[in-house]
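A short worksheet on the structure shown next.
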Amino acid sequence: MAEAGAVCGHLDGLMGSMAGCFRRWEPRVQARKYVRALMSDLPRKNCWTIAEHAGDATPGKMQHRLERAKRHTMAAMAAVRSFVCGHLDDGDAVAILDESGQKKKGTATAGVKRQYVGCASRVSGAINVVYCSFATQAGHALVGARPYLPREWATVTDRRARAGCPRRSCSRPSPSWAGRSWPTCTPRPGSRAG
Numbered sequence: 001m002a003e004a005g006a007v008c009g010h011l012d013g014l015m016g017s018m019a020g021c022f023r024r025w026e027p028r029v030q031a032r033k034y035v036r037a038l039m040s041d042l043p044r045k046n047c048w049t050i051a052e053h054a055g056d057a058t059p060g061k062m063q064h065r066l067e068r069a070k071r072h073t074m075a076a077m078a079a080v081r082s083f084v085c086g087h088l089d090d091g092d093a094v095a096i097l098d099e100s101g102q103k104k105k106g107t108a109t110a111g112v113k114r115q116y117v118g119c120a121s122r123v124s125g126a127i128n129v130v131y132c133s134f135a136t137q138a139g140h141a142l143v144g145a146r147p148y149l150p151r152e153w154a155t156v157t158d159r160r161a162r163a164g165c166p167r168r169s170c171s172r173p174s175p176s177w178a179g180r181s182w183p184t185c186t187p188r189p190g191s192r193a194g
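Here the sequence shown stands for residues 1 to 194, numbered as in full-length UniProt numbering.
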């Protein structure tokens, strides 16, 4: 966690750029504690250990922050992306897109369907997520993630609504979908996609 430790000095700036992503100040304070714990040397990171690191008596506040606290996720990703680009951009930055399958049980998770999952080396119920990293010689950081919605999800409006998927969710063939659907991942004009 050497890189994470080096970023601790910039935590106030990062959290300040995300202040508008929270409706209330309490979740914003809890989010700062959460990020600080994630950047720590905790050997195991779960709600109990993170809560203890943050000085909370129980994991209730952390669980609330992760499950129920209102926040604007896309605005938070944009704030992190802007912060990272502002601190790491050396004029030769690269946006790296990586599609990853994650096993899921059940049928209610947005985007889940039976498909081949590389990490399991078999067909399983899974979702696909496209991650975007920003990389320069000075460092790298994850700056966003988007779920891929299979056609079975993208075309059924009521199913998308029950899962909380936006109306503009789209389905494109994987893997070409990644590069065309993420114009906001480009770090800055003139940067390359890798």
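Even glycine gets a Cβ: it sits at the ideal position worked out from N, Cα and C.
Nothing here was measured: the structure is a model prediction, and the numbers come from that model.
Comparing alpha carbon positions, the residue from Ser82, Leu149, His53 and Ala19 closest to tyrosine 34 is His53. Every unbroken stretch of the beta strand (DSSP E) spanning 3 or more residues and falling wholly within the region 80-168 is given here in chain order: 94-103, 113-117, 122-136 and 139-148.
Distances from the alpha-carbon of isoleucine 96 to those of Ala163, Ala135 and Arg146 put Ala135 closest. If you look at proline 27, you'll find it in the alpha helix (DSSP H) that goes 25-38. In the DSSP assignment, arginine 71 is bridged to Phe22. Alanine 54 sits in a helix when the DSSP states are folded into three classes.
With a cut-off of 8 Å on Cβ pairs, the region 104-122 is not in contact with the region 47-62, counting fewer than three such pairs. Between leucine 66 and arginine 36, the C-beta spacing is not below 8 Å. With a cut-off of 8 Å on Cβ pairs, the region 98-117 is not in contact with the region 43-50, counting fewer than three such pairs. Leaving aside the five residues that flank glycine 55 on each side, the residues in its chain whose CB is nearer than 8 Å to its CB run, in chain order, Lys33.
By the beta-carbon neighbour count (other beta carbons within 10 angstroms, threshold 16), arginine 24 is exposed. Contact annotation, proline 147 with alanine 108: C-beta distance approximately 14 Å; criterion of less than 8 Å not satisfied. DSSP places leucine 14 inside the alpha helix (DSSP H), whose first and last residues are 11-17.
Pairing arginine 160 with leucine 149, the inter-Cα distance amounts to about 9 Å. Under the three-state reduction of DSSP output, arginine 44 falls in the coil class, being neither helix nor strand. Here the alpha carbon of valine 143 sits roughly 6 Å from the alpha carbon of cysteine 132. Around the beta-carbon of glutamine 30, 16 or more other beta-carbon atoms lie within 10 Å, marking it buried.
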